[in-house]
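In full-length UniProt numbering, the protein residues as written are 1 to 249.
No residue lacks a Cβ here, since even glycine has one placed at the ideal position from N, Cα and C.
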């Protein structure tokens with residue numbers, strides 16, 4: 001039977017915790033499309049083609065961004081999995097370095113998940129940027145080439161700062177380890193924690209990306225009609241301590 005002290009339960013609680021992020025991302029993407037002339041009327045494009053290229057593809061990109069963001073938050077949330085007796089890499093890094101005084105083990109635990117996190121950030125930025133450039137119209141009389149260069153430089157600078165902020169502690173720990181063999185051995189011993197971290201993060205991110213569109217669509221429809229909706233209450237889970245959700249389960 002289903003047990004609350006399991007990987008699926010941890011993924012469910014993490015998805016509940018960060019579901020509001022996915023809903024907000026998808027709602028923002030749908031609001032950006034409001035007011036656009038239907039392509040099938042302006043250009044005579046068939047309705048099916050317009051739905052695929054102007055609605056389904058941007059929606060898929062927004063869902064990918066939402067899922068990547070949820071995965072990032074889940075990978076760094078060790079409170080909820082810990083309360084459900086699911087061992088993830090976060091507490092293990094702290095234990096290896098603080099309690100066991102093992103810098104090699106801490107570095108080995110931090111490196112793989114940090115690399116995955118940087119990949120998720122890069123994916124979210126690239127996909128989100130591609131979605132934005134396809135939905136925005138260039139200003140009349142502007143210089144799109146110059147504006148693109150400025151955006152490219154700004155994006156490169158932001159990525160460089162983010163990479164430095166995430167890589168610096170890992171590099172310091174790796175230098176303190178003294179030997180690659182020690183790092184590899186510690187990494188081999190921590191395979192279970194890394195696997196469980198990625199499992200709950202991927203499961204929660206996929207669930208949020210798949211289900212958030214339903215609530216986001218309802219939120220947008222109620223907003224357009226001027227009616228009230230309880231959809232914004234989904235964001236309240238982000239304002240309470242994560243331990244409360246685990247206690248409730």
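- Distance between residue 75 and residue 245, taken at the CA atoms: about 17 angstroms.
- Around the CB of residue 84, 16 or more other CB atoms lie within 10 Å, so the residue is classed as buried.
- Rounded to whole angstroms, the separation of the alpha carbons of residue 204 and residue 15 is 5 angstroms.
- Straight-line measurement puts the Cα of residue 88 at about 7 angstroms from the Cα of residue 81.
- The C-beta distance from residue 64 to residue 200 rounds to 19 angstroms, too long to meet the 8 angstroms contact threshold.
- In the displayed model, residue 81 falls within a helix according to three-state DSSP.
- Just so you know, the alpha carbons of residue 20 and residue 220 end up roughly 14 angstroms apart.
- Between residue 216 and residue 23, the beta carbon gap of about 5 angstroms places them in contact (Cβ cut-off 8 angstroms).
- Remark: C-beta atoms of residue 209 and residue 119 do not approach each other more closely than 8 angstroms.
- Judged by DSSP in its simplified three-state form, residue 98 adopts helix.
- Here the alpha carbons of residue 149 and residue 8 stand approximately 45 angstroms from one another.
- Here residue 88 carries a coil assignment [DSSP, helix/strand/coil].
- For residue 193 against residue 92, the beta-carbon gap comes to about 5 angstroms, under 8 angstroms, which counts as contact.
- At the C-beta level, residue 72 and residue 213 stay beyond 8 angstroms of one another.
- Spatial neighbours of residue 112 in its own chain (CB-CB distance under 6 angstroms, excluding positions within 5 residues in sequence) are listed in chain order as 194.
- Separation of the CB atoms of residue 122 and residue 159 is rounded to 7 angstroms, and the pair is thereby assigned contact status at 8 angstroms.
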